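Per the working numbering, residue 3 is the first one in the sequence shown, and the count goes up by one each step.
Structure record follows, encoded as structure tokens.
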Amino acid sequence: MRFLKVSYKKQLQEISKTRQKLNEILDEMEKTTIKELDDEMTSLKASVKTDMDNCIQLKNELTQLSDALKEIVDKSKAELLFVASKKCLEKIKHSETYLKENSVQIKSSLTFQANRDIQQYLSKLSGLGRILVCTQAVPLHDDPDQIFTVQGGSLKSLLTASFSEEIFYISAVCVLSNDQILVADRAEKKVNLLNHQYQVVGHCNVNGYPFDICQITPSEVAVAVDKDKTNEVQFISVNDGLLSNGTTFQLEHKCIGIAYNLQDMYLSSGTALYKYSMQGDMLEKLYEDTSALKTGNIMQYYGGYIRVYF
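Here's what the structure looks like:
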């Protein structure tokens with residue numbers, strides 16, 4: 003549920019971002035359209051101003067010629083009167099031609115024609131996108147061999163009692179179906195059985211260092227044992243609070259990690275991952291990385307795949 007809520011909040015943010023991007027696109031389109039409107043308005047205003055300036059200039063020129071003719075007539079200068087009259091007639095003809103060309107009064111206006119394609123496209127959309135439900139298989143950690151969480155508990159009793167003077171190296175922990183706990187003690191080369199109070203109620207010796215444990219059945223586990231030339235898988239049974247060694251099969255490589263799934267064993271040598279049958283036959287080498295001394299050792303099975311910790 004927590005993961006679902008997190009994904010819900012994240013998708014809300016994605017929807018908001020999508021809306022913001024659309025707003026930015028529409029804002030930019032609006033700016034471009036308004037600029038086009040402003041440019042057309044500026045062009046029309048300039049054209050009207052030019053016409054007004056031409057009319058004013060013609061009027062001023064005609065007024066000046068009229069005043070000049072009056073002055074010449076008053077002074078009775080025949081020669082100048084002829085020249086002035088000719089120029090006045092030319093200017094009047096020019097003015098009449100200009101007025102004739104611009105005799106039709108033009109009312110300019112601006113009209114915005116909306117892009118119907120955009121409106122129609124948006125109106126056909128039912129939303130900003132699609133909501134997809136993505137499902138993924140997530141391990142529930144219901145295999146007691148996989149996850150062991152202690153809240154408020156203590157393994158103090160394991161280090162006290164009759165073993166208070168010894169040094170322990172707990173290399174692996176496995177919880178059985180009945181909540182009994184198996185602890186691999188690498189220092190003592192044995193597997194201890196703990197009760198619900200984390201008290202040691204039994205143990206079983208192994209032939210080397212117990213690096214890892216995995217559950218095979220509700221009452222049987224397999225232990226990865228390794229020491230010098232001893233490389234083996236040791237099966238141990240748990241019955242009525244007692245541990246007893248079962249069968250063992252030898253390996254040609256080191257054995258420091260172990261997992262079980264569907265009648266097959268998965269073993270790690272520290273640099274390679276192997277698949278074995280329950281009878282000890284190597285079926286295949288799944289992976290190998292020799293770039294370091296230990297490139298993978300601790301393994302856990304999660305309902306469909308093996309996870310190797312590096």
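Here a beta-carbon is modelled for each residue, glycine too, at the ideal position from N, C-alpha and C.
Being a predicted model, the structure only gives us computed values, none of them experimental.
8 Å contact criterion, which residue i and residue j should meet: CB distance rounded
i: Asn2; j: Cys216; result: It is not possible to answer for residue 2, since the shown part of the chain is limited to 3 through 312.
i: Ile74; j: Leu82; result: 5 Å
i: Pro212; j: Ala174; result: 7 Å
i: Leu338; j: Cys90; result: The shown model of the chain, from 3 to 312, leaves out residue 338, and the question about it has no answer.
i: Val225; j: Ala186; result: 7 Å
Short Cβ contact (9 Å threshold) for residue i with residue j
i: Asp228; j: Lys256; result: yes
i: Gly272; j: Leu195; result: no
i: Ser270; j: Ile258; result: yes
i: Pro220; j: Leu178; result: yes
i: Asn209; j: Glu190; result: no
i: Ser87; j: Leu71; result: yes
i: Asp55; j: Asn104; result: no
i: Thr35; j: Leu130; result: no
i: Leu64; j: Ser110; result: no
i: His198; j: Asp181; result: yes
Opening and closing residue of the beta strand (DSSP E) in which residue i lies
i: Gln217; result: 211-219
i: Leu285; result: 284-290
i: Ile172; result: 172-177
i: Gly331; result: Nothing can be reported for residue 331, as the shown portion of the chain is limited to 3 through 312.
i: Leu184; result: 183-187
i: Lys191; result: That residue, Lys191, is in no beta strand (DSSP E); it is neither H nor E in DSSP.
Enclosing alpha helix (DSSP H) for residue i [first to last residue]
i: Ile120; result: 118-126
* Any chance you could list the beta strand (DSSP E) runs of at least 3 consecutive residues sitting entirely within the stretch 224-282, in chain order? => 232-241, 244-252, 259-263, 266-270, 274-279
_Three Cβ pairs or more, each shorter than 8 Å: is that satisfied between the stretch 250-260 and the stretch 271-286?_
yes
Exercise. Can we say the stretch 97-105 touches the stretch 24-37, given the rule of at least three CB pairs closer than 8 Å?
Worked result: no
- prompt: Taking the runs of the alpha helix (DSSP H) that are 4 residues or longer, which of them lie wholly in the stretch 27-104?
  reply: 80-103
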